[in-house]
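Let me begin by presenting the structure, written as structure tokens, before commenting on it.
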Amino acid sequence: MTISKYAVIASLLVISSVTRADDTEIFTGGGGAGNENILLIMDTSGSMSAWANDTDTPPYDPSVTYEAYGFAADSYYLYRSESVGDIQALTNSEVAAIKANEISLSALNCSSSGAINNDIVNSGFSSNTYSFFEPGHGWEGSDVSTASGSILQCRESGDYNYGGSNYDYLVNAAGWTEFSYPYTNTRRVRGACLLGGGWLPCFVWDYTDTSYDWDNSTYNVIWSGNYLNYRGSDLGNQQKVMRIDVVKQAAKDVVGAMSSPNKSVALMRFNSFYYSSGWKNGDGAYVDLPMTPVTELGDDFDSAIDSYDALGGTPIEQSLYEAYRYLSGGNVKYGKSAHYATWYDPIDPDWRDENDPANPGIIEAIRYNNGATGNFEVVGTSSSSGSRTGWTYNAPEFDGCEPSTKIVYFSDGAPSGYDNASSDIQALISGKTLGSATYLNYYCETSSNIGGECAEELAYYLNNYDHRDDIIGRQNITVSTIGGFISADETAKQKLEDIAEAGGGKFYLADNYEDLVESFTQELAGDVLSDPATFTSPAIAVSSYNSLELSDELYYAVFEPREDGTWSGNLKRYSVSSQGVLDRYGNPAVDPDSGYFNETAVSYWSDTIDGAEVSKGGAAERLGDKARNILTTSGSTVQALTEQSILALSDDVLGLELLQDDSLLSLPDLNLSAKQRLAKWITGKNADDTARLEIEDPIHSRPVVINYADERKIVYVGTNSGYLHAFDTENGKEVFSLIPREVLRNPLFYVDGEDNGYAEKIYGIDGPITYWHNDTNYNGTVDGEETIYLYVGLRRGGHSYYAFDVSDPYNPELAWEQHGPYTDSITKNAPAVSDGYSSLGQTWSALRPGLVNYEDTQKVVLFAGGGYDPDEDGTNLTGPETRITHDIGNTIYMIDAETGEVLWNALEDVSGMDEKMTSSFAADVTPIDVDANGTVDLLYAADVGGRIWRFDFNDTETFSATGGIIADINTSDVDGLSGNRRFYNKPDIAYFEEGDENYILISIGSGYRAHPLNTGVNDKFYLIKDPHGIVAPETYTTLLSSDLAEWGTDEASSPTGSSNGWVVSLTNSGEKVLSPSLTLSEITTFNTFAPTSDLDAAQCSGNLGFSRTFTLAITAAAKAKCGDECDAQDETPEGRGEVPRLKPDPTITGGGWNGNTGENGEKDCINNPADCDCEDYTYDILSGTTLSSSFTNSCDTFKFNYWKEE
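Residue numbers (the working numbering): 618 to 1823.
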């Protein structure tokens, strides 16, 4: 059987986090342990011993000499088959042990020796029960050899014939001081007392015991050396496999790969036949493994399912009814006197195929096999003690997901009778309303007449009626079915499909291992919302003709979730106007109901309609248009990455050692090893050398557009497969793809996504991309000898920053790379920590260029938060209840833009910070030039502990800084979880001169970005007036949430009441701010996100939620501009423009000229722009795909600089 790499990778990659903690839980869910209970019912009927595969593998051919293990082809070995593992993969020690048991076939002394010899010669082996006599050692000596005089005897009657005489087998009795041999059969053994005993004399008799202990130290197989070599060869490895073994492997692989603690799994199996005054059918099923969180299963699941052998009927109705009793906490019925069958040796193929005896029927075959070899036993048992108290089931713990309980029923056939649960089920459904399906009725009558008649009705009842009276609300059970190996059995398919339909679940057909893995993954590993999405704002290009104008070009990074972590992605181009987002033909591109692209949209680089389909059209479609330019980093350089250079890399660099076995990824039919297949994938090829038209998921990577000479524009974006892509915006063709050595293991998890199934999301280049253009002629275009550096972070992909010189985008160079301390050395090629970066967390914060006076020289530097500490994720959706302390990411860096050297570290270089900076800085920081002299004087930052920081830089020859906390809105020390507010967004800074009051306004919203479905924190939006103004203070005052006026109250519009600023309370459950705000023309715009009301379902399968936009008029003049579309200080803030999904950052776009027609004396700016002025050219705000007014015109751009409002 070919085993997928599914579980091999998943079992190895146990990352420190025990649950998925990221905003991707919008799609995947993020609940805590026990939120979804899944009961797997396994079919262990006799038909599961049928072959699962019909292989064309050549059978053993005794005329061919095989060489795999090195056994002599004409040698023979006597052994106990259970003493070795997989005969197809013998270890060196097992080979040596078998070789030590070589025998001569001339020692055979069985009445059927001729038949045995024939089996060994033609088939390569013979199974029987053997005992071996060696001179000088006896019948049970420790040695097996080819010594003369040896006897190899089969289990026959009470004596045996040797050399023309009959001999008795001698008993193996404890206490003997000597051992006689079969040539003398008169060994006398003291018997029991005939008379007397106690205080009377004991009169005994002597007798000869003719019994022999055949169950002690006997052998069961003779192998030829040639046959063993065959089984170790590639040919011998391709053996037929029973259905039950394939199903067991698939179930183990999927459950073994599950790691989310919001899942719990229980296991039931069918009862077997049993013997009681004759063979009888076993009824129903029993609970073998009680409901257990997958994080606590350990080896219990594998151990339980490995013990299953195939024997018995198919009691679908009864087993489903027993499942109901368990899940509802009812009395034990069929699990009280249960049975299972155990085979001590492999099932004989002739018996399994009912050839020996010929067509015996199952009962006769059992009797024959049992009598012939003694390797079969039926064992009495009952439902697991952990599943019940006495004979009452313990209903599994229930923690709130909907559907919170699921039954996944696997069977390989239709029911075989077993209707004695019908009366119990009819009592359940009596008086209940059944659905309209023709297979549902109160008498459980169907036309199939195959038994299990009430199974559909029971499934309907489970899905539509409450099974837990002890819990408030209606708790339903979903029933899904998997039909294994029944493609040709229309009756069985219809039965299982009807059960799934009635149970509100899904029906799957699975005829092989891959199908089974897919089916089990869909039902066990959890539902993922596969809705396509974009998490980032689009890249908006600057006009090639005027660097002060925005063009109408939009570039969207889109992605689509999948059940495994290998999400697909793309980059698509659209345009924007005052009418909204438009496709290449000028038609509306967005569906207002979904908030995503509509089904008929055609993006700019697409030849046909690509609409909402992520993988269709876009840049992905253009990847086959030219030879790919794939690059990687090597030392301090960038080098081409070809198939040949990849094959020259060590397996460790590519992560291939995680596979353990090359066959888990290789494609023998195409003569490709795992490494060769991976090399093709990395270089953009499919296994057959056709172009791989795929781009993986750019979840958080926001595209960046750079203008080059000759009106050429290049857009850059990163993906989680590890690539930094560069595309020509004119035609969407790729310029280059670069995958740093650090993330060269990422492709392994994407190359075969359907079979991979690694439970955790893999991240690569998923962080912010920024750039610094040394624009010597100030035209906004990279031309002449100018240089431009592209700066790339990894977000959850790692603790590194990369700088690339992309002055020539066709020949990028590595400028520098810097690395922090790594905790993940499994999925990444963890680099060494760089000097000065020992506190660097995950690189969420963008590198923001700025000019400073440093050591008497003006120097371009990069400012960044210290990064994210994943400890803040916690272990479930709730996260830490109170503010915690971080040891990475808890600083702010100033970095040399050209070398990456750390020039200033706030934690180390500002006095007193070591005790204050205890939370990580995940968000971008905001540097400010207060005095408009071109250099940064002031910097604002916010940490995940809910604090806002201010740092003041001197403007003298010796660079220094002071700083402190100016606001702290985290109240978890008093309020606990509800007050544990965090900042994942950069501060939005604006300067106001309003009458006699001048102030810096800091706008920022709180929200748990790592857990957007969290509803326990009472998040808010803040507009804080910096108490220190534009002059550096001697000491830093810290404002609290209680110092702020509630927006929409009388206090808010009072100069005294609002002297420190405002706070906006969010009214929806779990509503939070997950993106920065935007302040233009004295109007602040911000977006919120909240999960929808069915949050219980979200914890298991995701929740797309909804977003609203708030528009706040800070001044009276601003209110006059926006009117009813915004809220003044004394007006209740109103969330407008509600759409499904998460809205990313509000971004300013060039709206264009107004649409007046020129009638009635109006200006016609569209057709006659010369007649219009700056007041007629307006800007809009784009939040993802949603357009709203900024209430700003072109005249306003001359009234304020990039941060100051007047």
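In this text, a Cβ means the ideal position worked out from N, Cα and C, and glycines have one as well.
Is residue i helix, strand or coil by DSSP?
| i | result |
| --- | --- |
| A1578 | strand |
| F1570 | strand |
| K880 | strand |
| E1532 | helix |
| R1190 | strand |
| P1357 | coil |
| I839 | strand |
| G1633 | coil |
| M875 | coil |
| R1465 | strand |
| D1208 | strand |
| E1177 | strand |
| D1813 | helix |
| R1837 | Lying before the first or after the last residue shown, residue 1837 is absent from the chain, which here runs from 618 to 1823. |
| L1555 | strand |
Would you verify that the beta carbon of residue i is, or is not, closer than 9 Å to some beta carbon of chain B?
| i | result |
| --- | --- |
| N735 | Looking for chain B here will not work: only one protein chain is present. |
When you compare each of the options to residue i by their alpha carbons, which one comes out closest?
| i | options | result |
| --- | --- | --- |
| L1341 | Y1325, P1315, N1324, G702 | P1315 |
| N726 | A1539, Y747, I715 | Y747 |
| G930 | Y1059, D660, L1759 | D660 |
| N745 | E751, S730, I1226 | S730 |
| T1556 | A1649, G997, S1692, T1225 | First, the residue type needs correcting, since residue 1556 is Leu and not Thr in the sequence shown. Of the listed residues, the one whose Cα sits closest to L1556 is A1649. |
| D1590 | A1304, G1563, D1286, R848 | G1563 |
| G915 | S889, V882, E939, Y1616 | V882 |
| P910 | M885, L1287, I655 | I655 |
| D1490 | S1536, L1199, E1515 | S1536 |
| V1542 | G899, D678, T1460 | T1460 |
| G1100 | Q1111, I1094, N1093, R1091 | Q1111 |
| S1211 | E1779, E1792, L1759, T1766 | L1759 |
| Q1139 | R1753, E684, T645, N1615 | T645 |
| A1109 | I933, S945, S1002, Y1213 | I933 |
| A1584 | Y1454, R1599, N1571, M908 | R1599 |
Quick one: what's got a C-beta closer than 6 Å to residue i's C-beta in the same chain, skipping five residues either side?
| i | result |
| --- | --- |
| Y1130 | V863, A867 |
| T1250 | P1357, R1358, L1431 |
| I1386 | V1321, Y1333, V1409 |
| G1633 | T1495, L1594 |
| T1809 | L1697, S1698, Y1796 |
| L937 | A1072, L1075 |
| D1227 | S1220, K1233, G1234 |
| P1209 | none |
Taking residue i and residue j to be in contact with their CB atoms under 8 Å, please state how far apart those CB atoms are, rounded to whole angstroms.
| i | j | result |
| --- | --- | --- |
| G1414 | D1383 | 5 Å |
| S1232 | S1185 | 5 Å |
| I1045 | I839 | Note that residue 1045 corresponds to Leu in the displayed sequence, not to Ile. About 57 Å; that fails the 8 Å criterion. |
| N734 | L722 | 6 Å |
| G1120 | L1167 | Actually they do not touch by this definition, with Cβ atoms about 54 Å apart. |
| D1115 | E1073 | 5 Å |
| A1558 | G1482 | 6 Å |
| E1118 | A1054 | 7 Å |
| L1133 | L1248 | The Cβ separation is near 40 Å, so there is no contact. |
Enumerate in chain order the residues of its own chain whose CB-to-CB distance from residue i is below 8 Å, with the five nearest sequence positions on each side excluded.
| i | result |
| --- | --- |
| D1747 | G1665, T1666, D1667, A1669, S1670 |
| N1303 | K1297, R1309 |
What residues in its chain sit with their C-beta under 7 Å from that of residue i, if we drop five residues either side in the sequence?
| i | result |
| --- | --- |
| A1523 | T1508, I1509, M1530, M1534, F1568, G1580 |
| T1709 | N1720, G1722, F1723 |
| C1789 | W1770, K1780, C1782 |
* To do: Count the C-beta pairs between the region 1499-1519 and the region 1603-1620 that are closer than 8 Å, then say yes if the count reaches three, no if not.
  => no
* To do: Would you check if there are 3 or more beta carbon pairs closer than 8 Å linking the region 1350-1365 to the region 1320-1339?
  => yes
* Contact the region 680-693 vs the region 938-955: 3+ CB pairs below 8 Å -> no
* To do: Answer yes if the region 1651-1664 comes into contact with the region 1623-1632, meaning at least three C-beta pairs across the two stretches below 8 Å, and no otherwise.
  => no
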